[in-house]
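A.B. asks: Note that our numbering has the sequence shown beginning at 54, numbered continuously upward.
Every residue, glycine too, gets a C-beta built ideally from N, C-alpha and C.
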Amino acid sequence: MASTTYSPSPTTPLNIAVIGATGFGGSWLTKELISRGHRVTGLSRHPEKLGIHPLYTPKQLDITSDITVLAAAFAGFDVIVDEYGPHAAGFAALKYMPFLEVTRRVILAIKLARVPYFIKVGGTGSLHLPGQPHVSVLESPQWWLDYRRGIADSHAHVTYMEERLGPSGVALRGYRNARLALKAGTAGEVEEKVIKTYEQEVKNRDAAMEFVTACRTSFMFFEGRADFAWSFVSPSSLYRPGKRTGVYMWAYDVLPLKGDRNSAEAMEGRLHGISVADLAVAIADEAEERRHVGRHWTAWADLSDDTPAPSYVRIDE
Ligand SMILES: NC(=O)c1ccc[n+]([C@@H]2O[C@H](COP(=O)([O-])OP(=O)(O)OC[C@H]3O[C@@H](n4cnc5c(N)ncnc54)[C@H](OP(=O)(O)O)[C@@H]3O)[C@@H](O)[C@H]2O)c1
54 MASTTYSPSP TTPLNIAVIG ATGFGGSWLT KELISRGHRV TGLSRHPEKL
104 GIHPLYTPKQ LDITSDITVL AAAFAGFDVI VDEYGPHAAG FAALKYMPFL
154 EVTRRVILAI KLARVPYFIK VGGTGSLHLP GQPHVSVLES PQWWLDYRRG
204 IADSHAHVTY MEERLGPSGV ALRGYRNARL ALKAGTAGEV EEKVIKTYEQ
254 EVKNRDAAME FVTACRTSFM FFEGRADFAW SFVSPSSLYR PGKRTGVYMW
304 AYDVLPLKGD RNSAEAMEGR LHGISVADLA VAIADEAEER RHVGRHWTAW
354 ADLSDDTPAP SYVRIDE
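#1: Please report the distance separating the alpha-carbon of residue 125 from that of residue 331.
#2: Check whether the Cβ of residue 365 lies closer than 8 Å to any heavy atom of ligand 1, and answer yes or no.
#3: Quick check: the Cα distance between residue 199 and residue 129, rounded to an integer number of angstroms?
#4: Sorry if obvious, but does the Cβ on residue 201 come closer than 8 Å to a heavy atom of ligand 1?
#5: Distance, Cα to Cα, residue 317 vs residue 77?
#6: Who are the Cβ neighbours of residue 267 in its own chain at under 8 Å, not counting the five residues just before and after it?
#7: If I follow the unbroken alpha helix (DSSP H) through residue 190, where does it start and stop?
#8: What's the C-alpha gap between residue 322 and residue 297?
#9: Under the criterion of a Cβ to heavy atom distance below 8 Å, does residue 116 qualify as lining ligand 1?
#10: Is there a Cβ from chain D that is less than 9 Å from the Cβ of residue 98?
#11: Under 8 Å from any heavy atom of ligand 1, does the C-beta of residue 236 make it?
#12: Quick one, are the C-beta atoms of residue 75 and residue 106 less than 9 Å apart?
#13: Please list the terminal residues of the continuous beta strand (DSSP E) segment that includes residue 111.
#14: Taking only three categories from DSSP, how would you classify residue 220?
#15: What residue ranges within the region 245–327 form continuous beta strand (DSSP E) runs of no fewer than 3 residues, ordered along the chain?
#16: Measure the C-alpha to C-alpha separation of residue 115 and residue 352 and round it to an integer number of angstroms.
#17: Pick out whichever of 181, 356, 210 has its Cα sitting closest to the Cα of residue 196.
#18: Which first and last residues belong to the beta strand (DSSP E) in which residue 135 is found?
#19: Pairs of beta-carbons, one from the region 167–180 and one from the region 268–275, closer than 8 Å: are there three or more?
#20: Using three-state DSSP, classify residue 128 as helix, strand or coil.
#21: Give me the DSSP bridge partner(s) of residue 95.
#22: DSSP three-state label for residue 351, please.
#23: Does at least one heavy atom of ligand 3 sit under 8 Å from the Cβ of residue 136?
#24: Taking the alpha helix (DSSP H) that residue 163 belongs to, which residues open and close that run?
#25: Can you tell me whether residue 84 is helix, strand or coil according to DSSP?
#26: Suppose you measure from the CA of residue 231 to the CA of residue 190; what does that come to, to the nearest Å?
#27: Using only CA atoms, which one of 326, 89, 139, 319 lies nearest to residue 338?
#28: Compute the Euclidean distance between the alpha carbons of residue 281 and residue 306, then round it to the nearest angstrom.
#29: For residue 227, collect the residues of the same chain with a Cβ closer than 8 Å to its Cβ; drop the 5 residues on either side in sequence, then sort them by chain order.
#30: Using only the heavy atoms of ligand 1, determine whether one of them is closer than 8 Å to the beta carbon of residue 349.
#31: Taking 8 Å as the cut-off, does the CB of residue 292 come closer than this to any heavy atom belonging to ligand 1?
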């Protein structure tokens, strides 16, 4: 485990492509890279949505295209960061497929185009529980419950989920309000039922399980490979819009926890998180410094500021 405070890099500007530059993670990352003087090409179906900046080139690409089409689009960059994801299309789009198929094709195209460095953004689910290297986070019902409780306890996180995921975000707001009432000692039968119903659904099978499983499995396309240069970053559990502190901690492979970090018992209130702005700092550092080549890593930061922040950013603001 290590801590990093970003200080402007003395390296020469890089030529970087961001797949999904208009998305949640991609837009904040593009803004961060541009602020450091790097040239960024945004690859997505509507890359022009991000705005206009002298260091930004939008290049239209459907990531489900043939591998040869992808390879042609990937050629010539120093680094490619994959921030492709289905969240922007709403909760119904959080499927096992096409995420895995897209990741498979992208890796083949990265190899074909001989891209010097490929950074893949995945999810928390591929990290493993402390002391249990064969148990990924998503296999822990306790993690799911404590994850949902952690999200619900943050006004900023619930606001983000409402904005992006529609009905699922609305259900989360109801759960948050019921939890607040319970803590305040004002909960009645209605609030108790809301909490019980919500948590029962999480315990049975959380609605995000399918997509989180896809992200977890996508890591298997990377682990142990030395035939291309990659890095796989898993945002820590509570990943949401928020302040850019510029300071983050990182670790390899294991779910980061507050308190006893070797114990996965009673994780409520112990899950770490990171703002999308700070994860962008960590990924930009990695693009410049290449400290985690061939490694699966996570990053977390101070999330004590619970002010809602935008999910997406434009570069010409
Ligand atoms: N959001 C979260 O809370 C969260 C949590 C943990 C991990 N992650 C991970 O972070 C990564 C990025 O997710 P995100 O939520 O930041 O992304 P997002 O907001 O859903 O953005 C998705 C991006 O992918 C692009 N895209 C979608 N379909 C495409 C296609 N067919 N061809 C080309 N581009 C396409 C979109 O651009 P166009 O519409 O212009 O094509 C958009 O820029 C994913 O691996 C996700 O699992 C996200």
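C.D. replies: In terms of the structure at hand:
#1: Along the sequence shown, read from residue 1 onward, the residue named residue 125 stands at position 72. Along the sequence shown, read from residue 1 onward, the residue named residue 331 stands at position 278. Going from the Cα of residue 125 to the Cα of residue 331 covers about 31 Å.
#2: Residue numbering aside, residue 365 sits at position 312 when the sequence shown is read from its first letter. Yes, the Cβ of residue 365 comes within 8 Å of a heavy atom of ligand 1.
#3: Translated into positions along the sequence shown, residue 199 becomes position 146. Translated into positions along the sequence shown, residue 129 becomes position 76. Distance between the alpha carbons of residue 199 and residue 129 is about 44 Å.
#4: Looking up residue 201 in the sequence shown gives position 148. Answer for residue 201: no, Cβ out of range of ligand 1.
#5: Position 264 of the sequence shown, counting from 1, holds the residue named residue 317. Position 24 of the sequence shown, counting from 1, holds the residue named residue 77. Going from the Cα of residue 317 to the Cα of residue 77 covers about 29 Å.
#6: Residue mapping note: residue 267 aligns to position 214 of the sequence shown, counting from 1. Excluding positions up to five away in sequence, the list reads 148, 149, 150, 152, 153.
#7: Translated into positions along the sequence shown, residue 190 becomes position 137. Segment: none, residue 190 is in no alpha helix (DSSP H) and carries neither H nor E.
#8: Translated into positions along the sequence shown, residue 322 becomes position 269. Translated into positions along the sequence shown, residue 297 becomes position 244. Those two C-alpha atoms are separated by around 22 Å.
#9: Taking the first residue of the sequence shown as position 1, residue 116 is located at position 63. Residue 116 Cβ: within cutoff of ligand 1.
#10: No chain D appears in this structure, which consists of one protein chain only.
#11: Translated into the one-based positions of the sequence shown, residue 236 becomes position 183. No.
#12: Working through the sequence shown from its first residue, we reach residue 75 at position 22. Working through the sequence shown from its first residue, we reach residue 106 at position 53. Cβ distance not < 9 Å, so residue 75 and residue 106 don't count as in contact.
#13: Residue numbering aside, residue 111 sits at position 58 when the sequence shown is read from its first letter. That run of the beta strand (DSSP E) goes 109–113.
#14: If you number the sequence shown from 1, residue 220 lands on position 167. DSSP places residue 220 in helix when its eight states are reduced to three.
#15: The region 245–327 contains these whole beta strand (DSSP E) runs: 283–288, 291–293, 300–305.
#16: On the sequence shown, residue 115 is found 62 positions in, with the first residue counted as 1. On the sequence shown, residue 352 is found 299 positions in, with the first residue counted as 1. Cα-Cα distance, rounded: 29 Å.
#17: Counted from its first residue, the sequence shown places residue 196 at position 143. It is 181 whose Cα lies nearest to the Cα of residue 196.
#18: Taking the sequence shown and counting its residues from 1, the one referred to as residue 135 is at position 82. Counting along the chain, the beta strand (DSSP E) containing residue 135 begins and ends at 132–135.
#19: yes
#20: For the purposes of this step, residue 128 is taken as the residue at position 75 of the sequence shown. Coil.
#21: Locating residue 95 in the sequence shown gives position 42, where the first residue counts as 1. In DSSP, residue 95 forms a bridge with 71, 111.
#22: Sequence index remark: in the sequence shown, residue 351 carries index 298 (1-based). In the structure shown, residue 351 sits in a strand (DSSP, three-state: E or B).
#23: Questions concerning ligand 3 fall outside what the structure shown contains, since the ligands it does hold are ligand 1.
#24: Within the sequence shown, numbered from 1, the residue matching residue 163 stands at position 110. 152–165 is the extent of the alpha helix (DSSP H) around residue 163.
#25: Against the sequence shown, residue 84 aligns to sequence position 31. When secondary structure is reduced to three states using DSSP, residue 84 falls in the helix class.
#26: Here residue 231 is taken as the residue at index 178 of the sequence shown, counted from 1. Here residue 190 is taken as the residue at index 137 of the sequence shown, counted from 1. A straight-line Cα-Cα distance of about 26 Å links residue 231 and residue 190.
#27: Position 285 of the sequence shown, counting from 1, holds the residue named residue 338. Per the Cα distances, 89.
#28: Here residue 281 corresponds to residue number 228 of the sequence shown, with the count starting at 1. Here residue 306 corresponds to residue number 253 of the sequence shown, with the count starting at 1. So the alpha carbons of these two residues sit roughly 20 Å apart.
#29: Along the sequence shown, one-based indexing puts residue 227 at 174. Within the same chain, residue 227 has close Cβ partners 247, 251.
#30: The residue given as residue 349 occupies position 296 in the sequence shown. No, the beta carbon of residue 349 sits no closer than 8 Å to any heavy atom of ligand 1.
#31: For this step, residue 292 is matched to residue 239 along the sequence shown. Checking every heavy atom of ligand 1 against the Cβ of residue 292, one is found closer than 8 Å.
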